[in-house]
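Residue numbers (the numbering used here), protein chains in the order written: chain A, 9 to 174; chain B, 140 to 920.
This is the structure in structure tokens:
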């Protein structure tokens with residue numbers, strides 16, 4: 009067994025785990041944060057994407073022991089003080105999700121993209137999310153959602169496809 | 140208008156999104172119950188083999204392993220086999236032989252997920268390999284090994300099915316001036332929803348109740364089947380579909396894992412979780428397509444289509460576990476005359492067993508409609524080449540004219556409504572069809588390759604009318620129950636099951652429109668058989684045509700009672716009260732009006748003496764006909780002469796699904812459908828080697844489209860309401876998956892047609908195109 013100590017969304021987690029425990033299972037089963045999903049077993053789909061020290065990482069292909077001492081961010085950490093993160097808002101406003109299963113991983117990749125490029129072109133967004141598979145949306149609205157978030161983060165006015173609630 | 144209801148036609152922000160956006164969705168694998176056990180499954184490395192023995196002693200000796208379940212254990216309980224939806228039976232676990240690679244062989248029940256995974260490697264199975272049956276055509280040879288010796292008929296032929304008029308068709312072919320003929324293979328593919336399949340089965344020994352959280356698109360039908368097979372009374376079974384991470388047809392069948400986990404929970408009295416991994420999902424769960432088609436289209440010299448003749452060998456794998464309505468072993472494949480007015484057609488399909496996993500479920504399409512549409516849309520282009528006619532002109536010449544609806548097709552369907560020329564004209568105008576043809580001619584002269592492909596498809600969705608459609612005898616109605624609360628909010632419960640379609644929003648909009656209540660005040664629930672009314676579930680684009688209709692009708696029943704309450708409150712005769720702008724008012728006097736909220740309050744606080752209190756209604760809707768959405772798609776491709784790569788430059792989809800509930804959601808469905816149409820056209824296929832080994836068993840080889848391959852889809856619409864649906868809607872979730880593949884294939888063939896190419900099987904891969912270019916000296920090294 010090995011000792012793993014990490015911060016997830018700013019909160020400390022510590023556990024004795026098998027050295028072979030996958031990070032995604034640490035997050036889901038040990039930390040109980042089930043927003044991070046498992047969609048494949050070959051590092052292809054990206055449903056398990058989290059940020060490890062700010063870098064989007066597929067947590068199904070990392071061992072928990074590899075990130076000992078690390079700073080992790082998952083979908084549960086995006087909302088702050090009851091305010092959705094601009095990426096979450098963009099996905100809602102632009103209908104960037106349908107079944108919702110790939111969405112957390114997709115959003116974490118988007119957050120990392122916008123950290124380094126707040127005004128990405130269509131091509132830049134598509135390249136950034138090319139390691140995240142979505143079977144429902146055909147990606148068009150995901151691209152719009154991420155650009156919506158970029159505009160919001162740049163302080164520009166934004167309007168989405170959806171009507172605001174009555 | 141009294142209140143902002145946000146009913147029909149509004150792009151309402153989805154009500155289900157707040158939980159998904161926060162990582163608070165409730166998918167099956169998120170569930171953790173006290174004392175829960177984990178199951179893992181050992182699968183066969185062979186496509187065909189006898190099992191001489193299974194020794195689980197090493198696995199059973201491992202700490203944390205509670206049980207190893209084998210076919211012999213299930214056989215003792217009469218559960219080694221289970222019925223399929225198509226009057227066949229399927230092994231849950233094999234007793235003495237396996238019939239496809241990755242078939243379930245034994246299951247381990249353990250205290251931890253990792254221990255279960257370890258333990259399956261410690262089970263020793265003594266296999267005696269047998270010759271596998273891989274090719275469905277050779278399977279029909281009498282000398283072929285038998286896939287299913289358990290059956291009375293000692294043949295790999297399962298059934299023969301046909302539709303249309305053979306004699307009239309053959310006669311028209313004899314007289315025809317022109318006949319186009321192609322062999323078209325539509326390969327085996329897999330839906331690969333990003334969430335795999337799984338369940339948590341939990342049997343409570345104290346009250347005798349079995350609860351199963353399951354990745355299913357049809358929870359009610361599952362409950363009935365589980366009750367009939369297990370003998371557990373139906374009120375003691377509760378099936379819950381929580382949030383489902385995509386379905387597309389792959390979550391309609393009952394997979395062995397569900398049954399084994401349930402048996403394990405019954406035996407241990409503890410919850411048992413089974414979640415398959417991606418390789419298991421891709422290698423063993425039901426497949427789509429796998430149709431070997433020979434199609435012929437006969438026409439006059441001027442291009443007037445006369446008749447269609449189609450013969451098909453359908454590879455169903457080792458069990459006929461397709462998910463079609465009972466009377467339709469080849470689904471709705473007889474829709475293959477498409478959008479064209481022809482005198483006769485004859486369609487034959489022969490189902491065949493092979494040593495492959497069960498096939499014949501949908502891949503985001505209504506029961507074999509994609510196969511039908513691909514066949515006819517490819518044949519129209521093949522005929523156009525023969526006639527040296529523009530494929531758009533040939534289509535416009537042969538469309539069923541708008542004035543001929545309702546239209547009785549040569550294979551017996553009654554199309555409810557359509558305006559095909561309007562959709563194609565709109566698409567041609569918007570994309571600049573004539574300019575593209577000019578550009579193509581100029582490029583060809585320079586040796587550059589571009590192609591323009593058209594698909595003008597007709598779908599058939601919304602199964603279905605009870606006189607024809609049932610699943611295992613259960614009629615394919617669907618349902619809605621609405622209860623309005625005293626303060627003017629409501630709960631809507633439906634028999635269908637969302638997997639991303641947005642039912643919590645769109646069904647609230649239907650109810651809002653019909654009841655005049657704000658969409659924000661309406662909760663939609665589904666997927667729990669203890670609370671939702673009985674329905675057949677969501678697949679085949681049936682939710683809006685069936686349960687959507689039930690929602691409108693249930694709401695109208697409430698309005699009937701509401702009118703009496705309004706008359707009481709307004710001190711008017713019910714005959715003088717009418718429903719205008721989402722409220723009741725006295726005819727000719729808008730100042731005397733009552734909202735549904737007023738009515739709801741009165742139903743509980745001030746109803747007239749002699750009237751029953753409360754305000755609720757249920758409807759079980761039996762559709763009078765199916766609905767026939769349609770569309771005109773145009774695809775423009777450029778071909779890289781250095782690599783053979785097909786690049787989609789533009790793709791315009793003009794869809795007509797009748798009246799639209801939520802335009803934003805419809806557009807999203809079309810984007811997704813187009814992507815799942817492009818996938819089998821250019822990327823996805825499942826093939827097997829001669830030993831029956833799957834060649835695309837993980838996402839490393841089975842290529843789902845990423846954002847890089849997927850183009851920026853363009854969409855537009857026409858609107859031809861369904862005349863028989865309560866609010867004129869048709870269903871749209873699968874139109875694009877059905878319509879897109881032939882548009883892409885036609886575009887590639889169009890780019891190469893001057894080289895003599897009349898057909899290419901999908902998926903069209905770069906090497907296939909490059910080979911053609913090489914043969915004609917056009918390849919760039």
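Don't be surprised by glycine CBs; every beta carbon is placed ideally from N, CA and C.
| task | State buried or exposed for residue 800 (chain B), treating a residue as buried only when at least 16 other CB atoms are found within 10 Å of its CB. | result | buried
Margin query: For residue 153 (chain B) and residue 104 (chain A), what's the separation of their Cα atoms in angstroms?
Written below: 11 Å
- Query: Contact check, residue 514 (chain B) vs residue 432 (chain B) under 8 Å by CB: the rounded distance?
  - Reply: 5 Å
Review point. Is it the case that the CB of residue 124 (chain A) approaches a heavy atom of the ligand SAM more closely than 6 Å?
Key: As presented, the structure is devoid of all ligands, the ligand SAM included, so that no description of it is given.
ask   = Is the distance from the Cβ of residue 193 (chain B) to the Cβ of residue 264 (chain B) below 7 Å?
value = yes
Suppose the cutoff is 7 Å on Cβ atoms and the five residues either side in sequence are ignored; what does the same chain contact list for residue 142 (chain A) look like? 110, 114 and 150
Q. For residue 701 (chain B), does the count of other Cβ atoms within 10 angstroms reach 16, so buried, or fall short, so exposed?
A. buried
| task | Starting from residue 315 (chain B), find everything on chain A with Cβ-Cβ shorter than 9 Å and list it in chain order. | result | Neighbours of residue 315 (chain B) on chain A: none; closest Cβ ~40 Å, over 9 Å.
Counting C-beta neighbours from all protein chains within 10 Å, is the total for residue 165 (chain A) 16 or more, i.e. buried, or is it exposed? exposed
Practice prompt. May I ask you to report which of helix, strand or coil DSSP gives residue 71 (chain A)?
Written response: strand
Where does residue 590 (chain B) sit, in a helix, a strand or coil, going by DSSP? strand
Is the shortest distance between the beta-carbon of residue 138 (chain A) and the beta-carbons of chain B less than 7 Å? yes
Close Cβ partners of residue 287 (chain B) (< 6 Å) along its chain, the five nearest in sequence each way excluded: 492
Residues bridged to residue 176 (chain B) by DSSP?
B:411
*asked:* Would residue 601 (chain B) and residue 766 (chain B) qualify as a contact pair, given that the criterion is a beta-carbon distance under 7 Å?
replied: yes
I'd like the list of long-range same chain contacts for residue 788 (chain B), defined as Cβ closer than 6 Å, with 5 residues on each side in sequence excluded. 775 and 777
If you pair each beta-carbon of the segment 193 to 205 of chain B with each one of the segment 362 to 371 of chain B, do three or more pairs fall below 8 Å? no
Checklist entry - So, is the C-beta of residue 49 (chain A) closer than 7 Å to a C-beta in chain B? => result yes
C-alpha gap between residue 689 (chain B) and residue 278 (chain B), whole angstroms:
45 Å
message = Quick check on this structure: which residue in B:739, B:261, B:490 and B:480 has the alpha carbon closest to the alpha carbon of residue 472 (chain B)?
response = B:490
- Item | Contacting residues, own chain, Cβ-Cβ under 6 Å from residue 94 (chain A) (five flanking each side not counted) | 157, 160 and 161
**Message:** Among B:571, B:636 and B:275, whose alpha-carbon lies nearest the alpha-carbon of residue 383 (chain B)?
**Reply:** B:636
Quiz prompt | Residue span of the beta strand (DSSP E) that contains residue 100 (chain A), given as start and end | solution = Counting along the chain, residue 100 (chain A) falls outside any beta strand (DSSP E), though it belongs to the alpha helix (DSSP H) covering 94 to 101.
*Spell out a yes or no on whether the segment 37 to 56 of chain A and the segment 330 to 339 of chain B are touching, meaning 3 or more CB-CB pairs, one atom from each, closer than 8 Å.*
yes
Rounded to a whole number of angstroms, what is the C-alpha to C-alpha distance between residue 197 (chain B) and residue 691 (chain B)? 59 Å
Exercise for the section: Check whether the segment 618 to 628 of chain B touches the segment 663 to 675 of chain B, counting contact only when three or more Cβ pairs, one atom from each stretch, lie closer than 8 Å. Expected result: yes
Within 10 angstroms of the Cβ of residue 568 (chain B), are there 16 or more other Cβ atoms? Answer buried if so, exposed if not. exposed
With burial defined as no fewer than 16 other Cβ atoms inside 10 Å of the residue's Cβ, what is the status of residue 27 (chain A): buried or exposed?
exposed
I want to verify the contact list: residues of chain A whose CB lies under 7 Å from the CB of residue 803 (chain B), in sequence order.
103, 169 and 170
Complete beta strand (DSSP E) runs within the segment 617 to 684 of chain B (minimum length 3 residues, chain order): 617 to 623, 629 to 633 and 661 to 664
Residue 68 (chain A) at chain B interface by Cβ criterion, 7 Å: no
query = So, is residue 466 (chain B) buried or exposed, given that buried needs 16 or more other C-beta atoms within 10 angstroms?
reply = exposed
From the beta carbon of residue 22 (chain A), is the nearest beta carbon of chain B less than 7 Å away?
no
_With three or more beta-carbon pairs closer than 8 Å as the criterion, would you say the segment 622 to 634 of chain B touches the segment 656 to 667 of chain B?_
yes
By a C-beta neighbour count over all protein chains shown, 10 Å radius and 16 as the cutoff for buried, is residue 919 (chain B) buried or exposed? exposed
Close Cβ partners of residue 781 (chain B) (< 8 Å) along its chain, the five nearest in sequence each way excluded: 918, 919 and 920
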